[in-house]
Every structure is written in structure tokens, then in C-alpha cells.
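The sequence shown: position 310 = 311 (my numbering), numbered continuously.
Heads up, the beta-carbon is just placed ideally off N, CA and C, and yes, glycines get one too.
Nothing here was measured: the structure is a model prediction, and the numbers come from that model.
Encoded as C-alpha cells, the structure appears first; notes follow it.
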Amino acid sequence: MNLFLPEEVLNACRILAHNKKESYVVGGGIRDLILGMAPQDWDLATDAHPREVERIFKGKGYKVIPTGVKYGTVTVHINGVSLEITTFRKEANYFDYRRPSKVKFVTKIQDDLSRRDFTVNALAYDPLRSYLCDPYHGLADLKNEIIKAVRDAEERFIEDPLRMLRAVRFSAELGFTIEQKTKHAIIRNVELLCKISAERVREELNRVLMAEHFYQGLEAMLELGLLFVIIPELKEGWLFNQYHPSHQYTVLTHTMEAMRYTPADLTVRLAVLLHDVAKPRCYSRGKDGRGHFYGHNVLGSEMAEDILRRLHYSNKVIKDVVTLVREHMLELGMGPAGQRRLVARVGRRLIPQLLQVRLADIMAHSRNQVVRSLEEYEQFTAKLEQTLKAGGDFALRELAVNGADIIQEAGVTPGPLVGVVLRKLWDEVLEDPGKNNRVYLLSQAKKIITTLNNQG
Ligand code: ATP
Ligand code: MG
Numbered sequence: 002m003n004l005f006l007p008e009e010v011l012n013a014c015r016i017l018a019h020n021k022k023e024s025y026v027v028g029g030g031i032r033d034l035i036l037g038m039a040p041q042d043w044d045l046a047t048d049a050h051p052r053e054v055e056r057i058f059k060g061k062g063y064k065v066i067p068t069g070v071k072y073g074t075v076t077v078h079i080n081g082v083s084l085e086i087t088t089f090r091k092e093a094n095y096f097d098y099r100r101p102s103k104v105k106f107v108t109k110i111q112d113d114l115s116r117r118d119f120t121v122n123a124l125a126y127d128p129l130r131s132y133l134c135d136p137y138h139g140l141a142d143l144k145n146e147i148i149k150a151v152r153d154a155e156e157r158f159i160e161d162p163l164r165m166l167r168a169v170r171f172s173a174e175l176g177f178t179i180e181q182k183t184k185h186a187i188i189r190n191v192e193l194l195c196k197i198s199a200e201r202v203r204e205e206l207n208r209v210l211m212a213e214h215f216y217q218g219l220e221a222m223l224e225l226g227l228l229f230v231i232i233p234e235l236k237e238g239w240l241f242n243q244y245h246p247s248h249q250y251t252v253l254t255h256t257m258e259a260m261r262y263t264p265a266d267l268t269v270r271l272a273v274l275l276h277d278v279a280k281p282r283c284y285s286r287g288k289d290g291r292g293h294f295y296g297h298n299v300l301g302s303e304m305a306e307d308i309l310r311r312l313h314y315s316n317k318v319i320k321d322v323v324t325l326v327r328e329h330m331l332e333l334g335m336g337p338a339g340q341r342r343l344v345a346r347v348g349r350r351l352i353p354q355l356l357q358v359r360l361a362d363i364m365a366h367s368r369n370q371v372v373r374s375l376e377e378y379e380q381f382t383a384k385l386e387q388t389l390k391a392g393g394d395f396a397l398r399e400l401a402v403n404g405a406d407i408i409q410e411a412g413v414t415p416g417p418l419v420g421v422v423l424r425k426l427w428d429e430v431l432e433d434p435g436k437n438n439r440v441y442l443l444s445q446a447k448k449i450i451t452t453l454n455n456q457g
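As C-alpha cells, this is what we get:
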């Protein structure tokens, strides 16, 4: 087999060969190359020990970073290309399901490939001999578009349960099917995923959510049980009938349907995934037999916060998703004042994402409802565009008076009352932007103070 590799990669292999060391291109790089995709990074495997790798490349004047010498990895930079060079190794005694407690360096590439997760990731290519080492028939699985565990699937998943999620991630990124036995081993061991650190789970979940075939990945996560291990709260919506003419789907099916209509934006996808998470906890039934879910957006935003904190998402992602879940009910009939209040509450930056969440939600309602809602949605967005054009940032700092003005000009003593007055003025301005002038607002401030004082 002849594969075209960048000169920098070939160079590294030549340098190692010159030092009587074997080297192979391994991992995602070789997989993507065979698939005709542009590899994201280059991993090399070699029989040279990490210290030797360091010495060899430093000797040649290259920049070398001992990334993970303990685990056998050294990073070498050649002409701006970064190569991860790892000594052939086997992992032994996985403890606490996180990291192998020991890595053992080995001398044969076949032994190194035997510890890898999936057959399509267990390929090694020696470009100097144009030789593909493929003991687990990964090439055939690449051609047949199959994700299959190396050797015994159950053993691979018990060694490192994150691999269960990685199986779904690769299937979502590549559009591949997960092989039957590999699937069964996931179903049987799915609970082990709890042992994995939140950060590792979150990173793989993000990759599923952002993958080209993300919906397929999400369905696989549901089918295999991974979704409910990562976010058990979603299980409450499973088979949960909504008893409402707008909802032909159960809560979870509606969520899954809505996911189909999301753009490739992690915040939006997380928000849609969680937008109805509280519905089962807010369920009640009206006299007419219809299901109601009062307050599910508010409770949902609190649950979303707990879930995302548990998964160690960044504060920014959490804040945005929480806002989107809280606001996802977005009343499409609101007038300009309501729209201004909405933008002030949500923040102008998040408005496009809120509209995407709302649209995805609409698309997953009953068909007869979708037609009507889409019309309302179109009208709403057209009006909102006008509102946004006419306004600035819709932030309190745009008020024509500030705290100092309220203290000096309206005679309010410094303290929390200043904020209360400013808020009231801001509400008025959102209602009628024409009132945003200093003279009016200062006289209004005095009136507000008098009323508040009279109320005690
Ligand atoms: P990508 O870089 O697109 O994520 P990749 O296949 O290169 O894909 P990496 O996480 O970079 O994935 O890992 C490189 C290689 O190391 C994999 O192809 C696989 O052979 C091996 N590998 C990585 N993580 C594991 C794991 N948890 N268990 C077994 N092998 C793994
Ligand atoms: Mg990689």
C-alpha cells in the first residue's frame, strides 16, 4: 500500500531509521489518510525509548518536548508540524479505570496495536517500506465502515470504559456503524462510564454533539444506554406522554426530534438537549385532560446548571445554556416592548442562539402545529430584527442617567435604593425608548423615591 505523507513525517521516520529504529504512522492520522480525509495530527509509534527519541531529534536540532515521557510520548516539531512520537507500549493494571497504572515498553508493533481501542485505530504504516501492519483487519473495517473493538470488546471496555463513548464518537464522526458484539459489550458495561472523570466524558460528549453524523451518535448513545448514564435526568422523559395536541411525541422523543434541527453549535445543542429536562417533574393534568408543565423552563434551567456543573463545563457555556433553557418558551406573539425586555434579559449576543433553540423546538411539535408556529416564528423574527436595528446593546448602561446622577440630582442616599430606582427607570425606557432622556428620568426618579418613601 502506498500512502502520501507530508515530508515532515517522512523525515522523522528517516531519522529514526538512520538510528536503526523502527517507526510507524499510527492512530487517527493513518485512519484519516486511508479514508481520504485530511489528518488532524500525526502520531508515530517507535521501538526507540522516549529518552532516545529525545536525544535523536535534539541532536538534529529539532524542538523536542517531553510531553509524557512516563507514558512514552515525546513531541517533536519539524517545520511547524508537530509529531507525537510514542514508544511501543502495552498498558498493564488499569486501576480506577482512569490511567493504566504502569506502561510497559515493548519491542513489537503488533503488541502496541493490541492495546488500542478499535480496529480502525489499530493500523500502523511504515512509509519507508510502504508496509501496512493490520493484525486486526482494520483496513477491511474502514472499507466496510465499522467500529469494532480490538480483540475482546468486553475486556477493552472494562480496561477503559471511556472507550464505550469513543466508539459512539468515532461512529458519529465517520458515519460508521458499531459492530454488533461491540454494541452488546457496551450495553452490558455501560454503568462503568460512571468511573470516568467528568472532563474526559465531557470532551467525548462534545465531539459526539459536534460530529458530522451527530444525530446518529445521539441515537446510538440512547440505544446503548450511554446517554442515561451521563445525564440520568433525561431518563425521566423517556416514554413520558405529554397528553397535548401540540405534542405527538413523548418528552424524550420530542427532544431527540428537536436535536435534528439544531445547527452545529455546542451551546445550542446542549440547550436543546436539556430544554425540556424538567417536564416530567412539572407535569400536571388539566380538567380537559391536557398535560401541563408549568415552570418547566425555570426548573429546567436549574437542572441544566446542575448537570453541566457535574460535567465540568466552563462557566460561560453553563451561563448561556441556562439562559437558553430558561427562555426557550419564547412567546412569539410579544410586541416591541416585550421584545426589548427579552433582549435586555437575554443579552443581544445570545439572541441568534435563542432563536435557533426556539426553531428546533417548533420543528419537533405535532405536524399540524408546526405550520402555524413557523408562520408566527417568521413574523416574530422579522419584527425582532427591526427592534434590534432600532436599539443598541439593550443594557442598563445605556440609560441616560447613572447611579451618580440619582444620588446627586435626585437626592437619593447611596445604597441599594439607587439600584432599585435605576431598574424602575430602565423598565420604563424598555417600555418606551422615547423616555430615555435625562430631564425626564431625573424627574421620574424623584417621583419614584417619593412613592417608595410613602410606602415606607
Ligand atoms: P482524533 O485525533 O481524531 O481524536 P485519534 O484516533 O487520533 O482520533 P486520539 O485520541 O488522538 O484519537 O488517539 C490516538 C490513537 O491512540 C487512537 O487512534 C488509538 O489507537 C489510541 N487510543 C487513544 N485513546 C485510546 C483509549 N482510550 N484506548 C485505547 N486506545 C486509545
Ligand atoms: Mg489523534
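ask   = Any idea if Gln-41 is buried or exposed, counting beta-carbon neighbours within 10 angstroms, 16 or more meaning buried?
value = The residue you call residue 41 lines up with position 40 of the sequence shown. Exposed is the call here.
message = Let me check understanding here. Comparing Cα to Cα, which of Gln-249, Thr-324, Gln-217 and Asn-80 lies closest to Leu-275?
response = The residue you call residue 275 lines up with position 274 of the sequence shown. Checked all of Gln-249, Thr-324, Gln-217 and Asn-80; the closest Cα to Leu-275 is Thr-324.
query = Sorry if obvious, but does the Cβ on Asp-42 come closer than 7 Å to a heavy atom of ligand 2?
reply = Stepping through the sequence shown from its first residue, residue 42 is reached at position 41. Within the cutoff, so yes.
key: Within 8 Å, strictly: CB atoms of Ile-110 and Glu-23   = Here residue 110 refers to the residue found at position 109 when the sequence shown is read from its first residue. Here residue 23 refers to the residue found at position 22 when the sequence shown is read from its first residue. Cβ distance < 8 Å, so Ile-110 and Glu-23 count as in contact.
query = Taking DSSP as the reference, what is the three-state secondary structure of Leu-34?
reply = Counted from its first residue, the sequence shown places residue 34 at position 33. Reduced to three states, the DSSP call for Leu-34 is helix.
task = For Leu-1, verify whether its CB is less than 7 Å away from any heavy atom of ligand 1.
result = Given that the chain is displayed from residue 2 to residue 457, the structure contains no residue 1 and the question cannot be resolved.
message = Less than 8 Å between the beta carbons of Leu-219 and Met-165, yes or no?
response = Start at 1 with the first residue of the sequence shown, and residue 219 comes out as number 218. Start at 1 with the first residue of the sequence shown, and residue 165 comes out as number 164. Not closer than 8 Å, so no.
key: Distance between Arg-291 and Cys-283 (C-alpha atoms, nearest Å)   = Counting from one through the sequence shown, the residue named residue 283 turns up at place 282. Counting from one through the sequence shown, the residue named residue 291 turns up at place 290. So the alpha carbons of these two residues sit roughly 13 Å apart.
key: Beta-carbon proximity list for Arg-1, same chain, < 8 Å, skipping 5 on both sides   = Missing from the structure shown is residue 1; the chain here goes from 2 to 457 and no further.
key: Length of the line joining the Cα atoms of Arg-90 and Val-191   = Within the sequence shown, numbered from 1, the residue matching residue 90 stands at position 89. Within the sequence shown, numbered from 1, the residue matching residue 191 stands at position 190. Straight-line Cα distance between these residues: approximately 27 Å.
inquiry  = Going by DSSP, what residue range makes up the beta strand (DSSP E) through Ile-231?
reply    = Start at 1 with the first residue of the sequence shown, and residue 231 comes out as number 230. Taken as a continuous stretch (DSSP letters only), Ile-231 belongs to no beta strand (DSSP E), being part of the alpha helix (DSSP H) at 227-231.
ask   = What is the DSSP secondary structure of Val-26, counted as helix, strand or coil?
value = If you number the sequence shown from 1, residue 26 lands on position 25. Of the three classes helix, strand and coil, the one that applies to Val-26 here is strand, per DSSP.
ask   = Between Ile-35, Gly-81 and Ile-86, which lies nearest to Ile-16 when the distance is taken from Cα to Cα?
value = Taking the first residue of the sequence shown as position 1, residue 16 is located at position 15. Ile-16 has its Cα closest to that of Ile-86, out of Ile-35, Gly-81 and Ile-86.
inquiry  = With a threshold of 7 Å (Cβ to nearest heavy atom), would Gly-81 be considered close to ligand 2?
reply    = Here the question's residue 81 lines up with position 80 in the sequence shown. No, since every heavy atom of ligand 2 falls outside the 7 Å radius drawn around the Cβ of Gly-81.
request  = Would you mind working out which of Thr-268, Phe-229, Thr-251 and Asp-406 sits nearest Asn-438, comparing C-alpha positions?
outcome  = As a first step, residue 438 is located in the sequence shown; it is residue number 437 there, counting from the start. For Asn-438, the nearest C-alpha among the options comes from Asp-406.
task = Please say whether Pro-337 and Thr-382 have beta carbons closer to each other than 8 Å?
result = On the sequence shown, position 381 is the one that residue 382 refers to. On the sequence shown, position 336 is the one that residue 337 refers to. Not in contact: Thr-382 and Pro-337 (Cβ atoms no closer than 8 Å).
message = According to DSSP, is His-19 part of a helix, a strand, or is it coil?
response = Stepping through the sequence shown from its first residue, residue 19 is reached at position 18. Helix.
inquiry  = Please classify Arg-130 as buried or exposed, where buried requires at least 16 neighbouring CB atoms within 10 angstroms.
reply    = Taking the first residue of the sequence shown as position 1, residue 130 is located at position 129. Result: exposed.
ask   = Residues in its own chain within less than 7 Å of Ala-221 by CB, not counting five upstream and five downstream?
value = The residue you call residue 221 lines up with position 220 of the sequence shown. If we look at Ala-221 and ignore the five residues flanking it on each side, its Cβ neighbours are Val-169, Ser-172 and Ile-179.
task = Mind checking who Leu-84 pairs with in its DSSP beta bridge?
result = For the purposes of this step, residue 84 is identified with residue 83 of the sequence shown, where counting begins at 1. According to DSSP, Leu-84 bridges with Trp-43 and Val-77.
query = Would Ser-444 be called buried (16 or more neighbouring beta carbons within 10 Å of its own) or exposed?
reply = As a position in the sequence shown, residue 444 is number 443, starting the count at 1. Its Cβ having fewer than 16 others within 10 Å, Ser-444 is exposed.
message = Pairs of beta-carbons, one from the segment 285-300 and one from the segment 313-322, closer than 8 Å: are there three or more?
response = no
key: Rounded straight-line distance, which links the Cα of Arg-398 to that of Arg-327   = As a first step, residue 327 must be located in the sequence shown, where it is residue number 326. As a first step, residue 398 must be located in the sequence shown, where it is residue number 397. About 24 Å.
N- and C-terminal bounds of the alpha helix (DSSP H) containing Val-65 = As a first step, residue 65 must be located in the sequence shown, where it is residue number 64. It is not in any alpha helix (DSSP H) - Val-65 instead sits in the beta strand (DSSP E) that spans 64-69.
key: Closest residue to Gln-340 among Lys-280, Val-430 and Thr-414 (Cα-Cα distance)   = One-based indexing of the sequence shown puts residue 340 at position 339. Taking only the C-alpha atoms, the option nearest Gln-340 is Val-430.
For Asp-127, three-class secondary structure by DSSP = Translated into the one-based positions of the sequence shown, residue 127 becomes position 126. Here Asp-127 sits in strand by DSSP.
ask   = Would you say Val-70 faces chain E, with C-beta separation under 8 Å as the test?
value = The question asks about chain E, but that chain is absent: this structure has only one protein chain.
message = Following a CB-centred definition, is Gly-28 positioned closer than 7 Å to any heavy atom of ligand 2?
response = Walking along the sequence shown from the start, residue 28 turns up at place 27. Yes, since a heavy atom of ligand 2 falls inside the 7 Å radius drawn around the Cβ of Gly-28.
inquiry  = Only counting the same chain, and skipping five residues up and downstream in sequence, which positions put a Cβ closer than 7 Å to that of Thr-151?
reply    = Taking the sequence shown and counting its residues from 1, the one referred to as residue 151 is at position 150. According to the sequence provided, residue 151 is Val. The question's Thr does not apply to it. Excluding residues within five positions, the ones whose Cβ falls inside 7 Å are Ser-115, Arg-117, Asp-118, Phe-119, Thr-120, Ala-123, Tyr-137 and Arg-157.
ask   = Going straight from the alpha carbon of Arg-286 to that of Tyr-295, what length do you get?
value = Looking up residue 286 in the sequence shown gives position 285. Looking up residue 295 in the sequence shown gives position 294. Rounded to whole angstroms, Arg-286 to Tyr-295 spans 10 Å at the Cα level.
request  = Please confirm whether any heavy atom of ligand 1 lies closer than 7 Å to the CB of Leu-163.
outcome  = For this step, residue 163 is matched to residue 162 along the sequence shown. Leu-163: yes, Cβ under 7 Å from ligand 1.
Proximity to Arg-167 [Cα-Cα], best of Glu-205, Leu-193 and Glu-200 = Position 166 of the sequence shown holds residue 167. Here the closest residue by C-alpha is Glu-205.
message = Quick check: does the Cβ of Arg-167 come within less than 7 Å of any heavy atom belonging to ligand 1?
response = What you label residue 167 is simply residue 166 of the sequence shown in a count that begins at 1. Within the cutoff, so yes.
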